[in-house]
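Q: So the mapping is simple: this note's numbering equals the position in the sequence shown, first residue as 1, plus 26. We put the CB at the ideal spot given by N, CA and C, even for glycine. These numbers come from a predicted model, not from an experiment. One structure follows; several queries about it will come next.
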Amino acid sequence: MNKNRVQFYALYLTRFAAGFGFITLATLLPTYLNVLNPQSGVVVGLFVSGLTAAQSIAVVPLAWGGDRYDKRTVLLGSIVVSIAAYVAFPFVESSWGFIAARALQGVALTGTGLITLALVGELSTADTRANHIGKANSARFAASILGSISAATLYQQYGFDVVFGVIVALLVPALFGVLLFVEPDDTRIEGFPFSDLALNRKLLTLTSFRSQYAVAVTMVRNWVVVYAGLKASQGGLAYAALAVSAVLISEKFTNMLFQPHTGRLSDRYGRALFVFCGGGLYGLVALCIPFSPAIGRTLGLPSMFPILGQLSPAFLPLVGLNALLGIADSFREPASMALFADEGVEGGGVASSFGVRDLVWRPGSILAPILAGILTTGPGIQWVFYFGGAAAISGVLTFLGVLSYSHGTKALTQW
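Structural data, given as structure tokens:
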């Protein structure tokens with residue numbers, strides 16, 4: 027078997043194992059809140075923001091370390107930290123203990139995410155990079171689907187110990203796969219690559235899109251689920267947990283299915299074009315989500331379903347629209363990642379390039395849920411999708427404008 031192919035498989039397995047751990051714990055977060063019963067609203071917030079804060083703090087040192095030293099070593103260390111974090115969770119007996127374990131998990135997730143993508147980008151040739159990144163992302167989405175389905179079942183049957191035992195059982199083979207099959211990385215970037223990459227013209231052009239798109243995706247992706255399960259009196263569809271899971275999985279499934287193919291197409295026809303088309307389609311579909319009840323009624327769609335029971339005619343349109351969001355994002359994500367990898371591989375530092383990509387996303391992803399909450403309790407939940415859709419469309423139009431002005435009118439198909 028081709029040596030590079032084995033290295034890719036080891037990195038895909040790492041991506042899968044890390045994604046499985048993340049989604050499993052996210053699914054069990056409400057259970058931990060019930061078990062540990064924190065009394066302070068600040069502490070409840072830290073159950074979520076502790077992870078995000080640790081990830082934000084870890085980005086720069088881990089990306090710098092990956093470019094300055096051997097990426098394989100940094101990745102192995104990140105997997106070991108992951109294993110330590112998930113081994114620690116069953117022993118957590120207090121809210122602060124849980125927050126500490128979540129912070130450790132956040133550092134590990136940043137390391138495994140950044141460095142696996144950096145190695146995939148570095149091992150790929152320019153004309154296969156988005157395809158391989160798409161495959162790595164597909165592994166993560168597959169983990170999200172399996173993890174969200176299995177987490178609650180495993181917990182109900184066996185408790186926390188078995189849940190985290192399964193995560194560790196996935197991470198250990200990933201550790202040995204990287205150790206045995208991924209070759210040491212001899213690329214060394216001197217200095218502090220972030221300072222150069224922050225002024226990189228291509229990355230600045232991508233940032234003009236990504237900073238706005240972060241708001242769109244964070245609002246829409248999270249609030250589709252909220253919309254499906256929220257009480258009707260608050261503007262939601264009041265679906266039970268199983269129906270909400272079906273809505274959630276539809277986006278992840280299509281994203282997983284399409285990313286390798288759309289990545290390969292963007293390698294062939296131009297990455298910027300796929301970023302523009304994927305982002306624009308995402309915004310247009312987001313604007314349609316509040317109309318899912320009207321679509322269902324107009325088409326005369328059923329409201330009774332096997333296993334799921336009585337829902338409403340909005341169910342199938344909502345599942346379909348969320349699946350379309352996954353397809354739209356599958357056009358955008360591998361192409362966008364490959365553009366960041368291209369700049370890093372050409373000398374700026376591929377891990378640091380992905381680090382810049384991560385940092386640009388953070389402000390929007392932190393502020394968007396707050397804004398979405400204000401819109402939900404104020405003018406209505408439909409305005410979350412109107413605002414999110416508008417942010418995506420504004421992002422792609424800004425991207426097109428900056429791209430054309432800075433790099434010429436043909437850059438959309440030449441990048």
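Measure the alpha-carbon distance for residue 211 versus residue 231 and round it to whole angstroms.
A: In a straight line, the C-alpha of residue 211 is about 29 angstroms away from that of residue 231.
Q: For the region 347-363 against the region 278-292, are there 3 or more C-beta pairs whose distance is under 8 angstroms?
A: With a cut-off of 8 angstroms, the region 278-292 and the region 347-363 count as touching, because enough Cβ pairs lie within range.
Q: How long is the line joining the alpha carbons of residue 105 and residue 116, rounded to whole angstroms?
A: Going by the C-alpha atoms only, they are around 18 angstroms apart.
Q: Can you name, in chain order, every residue of its own chain whose Cβ lies under 8 angstroms from the Cβ of residue 27, other than the five neighbours on each side?
A: Note on residue 27: pLDDT 46, under 50, position unreliable in the model; no value is reported.
Q: Label residue 257 either buried or exposed according to how many other C-beta atoms from any shown protein chain fall within 10 Å of its C-beta, with 16 as the threshold for buried.
A: Exposed, since its Cβ has fewer than 16 Cβ neighbours within 10 Å.
Q: In the DSSP assignment, what residue or residues form a beta bridge with residue 330?
A: Beta-bridge pairing links residue 330 to 336.
Q: Would you identify the three-state DSSP class for residue 27, choosing helix, strand or coil?
A: The predicted position of residue 27 is uncertain, since its pLDDT is 46 and thus under 50; a value taken from the coordinates is nonetheless stated next. In this structure, residue 27 counts as coil in the three-state DSSP scheme.
Q: Just confirm the distance between the C-beta atoms of residue 300 and residue 146, as a whole number of angstroms; I'd bet it's less than 8 angstroms.
A: No, residue 300 and residue 146 are not in contact; Cβ-Cβ is about 18 angstroms, not under 8 angstroms.
Q: Do residue 308 and residue 351 have their CB atoms nearer than 8 angstroms?
A: Closer than 8 angstroms, so yes.
Q: For my contact list, residue 438 and residue 302 are in at a C-beta cut-off of 8 angstroms; report their separation, rounded to the angstrom.
A: Confirmed, about 6 angstroms.
Q: Excluding five sequence neighbours on each side, which residues of the same chain lie with their C-beta closer than 7 angstroms to the C-beta of residue 168?
A: Counting only Cβ-Cβ distances below 7 angstroms, and skipping sequence neighbours, we find 42 and 282.
Q: Taking the alpha-carbon of residue 394 as reference, which of 344, 203 and 239 has the nearest alpha-carbon?
A: Cα-wise, what sits closest to residue 394 is 239.
Q: Are the Cβ atoms of residue 85 and residue 381 separated by less than 8 angstroms?
A: In contact: residue 85 and residue 381 (Cβ atoms closer than 8 angstroms).
Q: Mind checking which residues open and close the alpha helix (DSSP H) that includes residue 370?
A: No alpha helix (DSSP H) contains residue 370, which DSSP labels as neither H nor E.
Q: Please report the residue range of the alpha helix (DSSP H) in which residue 119 lies.
A: Neither: residue 119 is in no alpha helix (DSSP H) and is coded neither H nor E.
Q: Report the residue from 174, 120, 110 and 126 whose alpha carbon sits nearest the alpha carbon of residue 194.
A: For the residues 174, 120, 110 and 126, the minimum Cα distance to residue 194 belongs to 110.
Q: Following the continuous alpha helix (DSSP H) through residue 191, name the residue where it begins and the one where it ends.
A: That run of the alpha helix (DSSP H) goes 186-207.
Q: Does the beta-carbon of residue 431 have 16 or more other beta-carbons within 10 angstroms, so that it is buried, or is it exposed?
A: Classification for residue 431: exposed.
Q: If you follow the alpha helix (DSSP H) that residue 431 is part of, which residue opens it and which one closes it?
A: Per DSSP, residue 431 belongs to the alpha helix (DSSP H) from 408-433.
Q: Any contact between the region 170-184 and the region 273-282? By contact I mean 3 or more CB pairs, one from each, below 8 angstroms.
A: These segments touch.
Q: Any idea what DSSP makes of residue 281, helix, strand or coil?
A: Here residue 281 sits in helix by DSSP.
Q: Output the distance between the C-alpha atoms of residue 440 and residue 133, rounded to the nearest integer angstrom.
A: Residue 440 and residue 133: Cα-Cα distance of roughly 37 angstroms.
Q: Using the three-state DSSP reduction, which class does residue 258 fall into: helix, strand or coil?
A: Residue state, collapsed to three classes: helix.
Q: Apart from the five residues on each side of it in sequence, which residues of its chain come closer than 6 angstroms, Cβ to Cβ, to residue 143?
A: The residues are 380.
Q: On the three-state DSSP scale, how would you describe residue 236?
A: Here residue 236 sits in helix by DSSP.
Q: What span of residues does the alpha helix (DSSP H) with residue 222 cover, start to end?
A: Note, residue 222: alpha helix (DSSP H), 219-223.
Q: Which complete alpha helix (DSSP H) runs does the region 117-181 hold, if anything under 4 residues is left out?
A: With a minimum length of 4 residues, the continuous alpha helix (DSSP H) runs that stay inside the region 117-181 are 121-149.
Q: Kindly indicate which residue of 165, 164 and 190 has the alpha-carbon position closest to the one of residue 176.
A: Cα-wise, what sits closest to residue 176 is 190.
Q: So is residue 356 buried or exposed if we call it buried at 16+ other beta carbons inside 10 Å?
A: It counts as buried.
Q: How far does the alpha helix (DSSP H) with residue 103 in it reach, from first residue to last?
A: Element bounds for residue 103: 97-114.
Q: Contact defined as beta carbons within less than 8 angstroms: I believe residue 253 pairs with residue 315. What is the distance between those atoms, to the nearest angstrom?
A: That pair is a contact at about 7 angstroms.
Q: Could you give the C-beta distance for residue 378 and residue 90, rounded to a whole number, given that I count them as a contact under 8 angstroms?
A: About 6 angstroms; that satisfies the 8 angstroms criterion.
Q: Let me check understanding here. Comparing Cα to Cα, which of 166, 313 and 229 lies closest to residue 375?
A: Comparing Cα-Cα distances from residue 375 to each of 166, 313 and 229, the minimum goes to 229.
Q: Are the region 396-409 and the region 216-223 in contact at 8 angstroms, needing three or more beta carbon pairs?
A: At 8 angstroms Cβ cutoff, the stretches do not touch.
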